[in-house]
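Below: the structure, in structure tokens.
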Amino acid sequence: MTDRFFPGHPAATPISIGEADGLIPAHIAYRSELNAAEEENILRGQDWALARRRDLLTEAYVKELHRRMLGDVWRWAGKFRTSERNLGIPFFEIPVAVRLLLADAQAWLEYKTYSPDEIAVRLHHRLVQIHPFPNGNGRHSRLLSDLLVMQLGRPRFTWGSVQLRDPGELRRTYIAALRAADEHDAGPLIEFARS
């Protein structure tokens, strides 16, 4: 398989031609170069997020975190998607769905509806279901969940990295845990987040 970067590459969330035009570094021609640029940007975004305490459960913060994670690579970073995907809800429902999710998470915290781990994992799962951004949704929602669980006094999640070394197995286990959460069983996703 070629490493050449192009919209709709099967190894990642499809990127439309219009979204691909939002690529900032002009030198990127290969998927490996894109992955490296995104990884560097995500690490800078993570450093930014870990260096400050913020109200995580606001739409402004959700967007700013995404922008900090991918804004050096994509012009559309931090902006909700405006096109349909094979994942997620219709794009025009995103703003309301994100606001409802954040209100739910605030209520879970206020009423201690779930354990801190479960609140953070449920936030992650629902944000992935919404799929608010053109790309980077999984990485973004995992970091947001990490930040929330740490703010709640728990250690950061490991997201399977302690037990699963094979990237293929890691992804299969993660997808299976997300599917269980789709069926209202958060247990496997909590277990995966702590494994």
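In this text, residue positions in the sequence shown follow numbering that gives the first Met the number 0: the first is 0, and each later residue adds one.
Cβ coordinates follow ideal geometry from the N, Cα and C atoms, glycine included.
Here's the rule: buried if 16 or more other CB atoms are within 10 angstroms of the residue's CB, otherwise exposed. What is residue i?
| i | result |
| --- | --- |
| N85 | exposed |
| S160 | exposed |
| A25 | exposed |
| H130 | buried |
| V95 | exposed |
| F79 | buried |
| T81 | exposed |
| E39 | exposed |
| T1 | The predicted position of T1 is uncertain, since its pLDDT is 45 and thus under 50; no value can be drawn from it. |
| A104 | buried |
With residue i as the anchor, note down where its alpha helix (DSSP H) starts and where it stops.
| i | result |
| --- | --- |
| H124 | 115–129 |
| L163 | Per DSSP, L163 belongs to no alpha helix (DSSP H) and is neither H nor E. |
| R138 | 136–150 |
| W75 | Premise fails: W75 is in no alpha helix (DSSP H) and is neither H nor E. |
| A96 | 93–109 |
| H65 | 58–69 |
| N34 | 30–49 |
| L55 | First-last for L55: undefined, no H or E at that position. |
| A19 | 16–19 |
| E190 | 186–192 |
Compute the Euclidean distance between the alpha carbons of residue i and residue j, then round it to the nearest angstrom.
| i | j | result |
| --- | --- | --- |
| L126 | L100 | 8 Å |
| E32 | F132 | 21 Å |
| A192 | W158 | 4 Å |
| K62 | A180 | 24 Å |
| I93 | A59 | 14 Å |
| M68 | G44 | 4 Å |
| R121 | A185 | 7 Å |
| R30 | A176 | 27 Å |
| A28 | A48 | 29 Å |
| G21 | R66 | 13 Å |
Round the Cβ separation of residue i and residue j to the nearest angstrom and send it over; I've been treating them as touching at under 8 Å.
| i | j | result |
| --- | --- | --- |
| F156 | S144 | 7 Å |
| L147 | A119 | 5 Å |
State whether the region 108–123 contacts the region 70–86, with contact taken as three or more CB pairs (one from each stretch) at a distance under 8 Å. Not touching, per the Cβ criterion.
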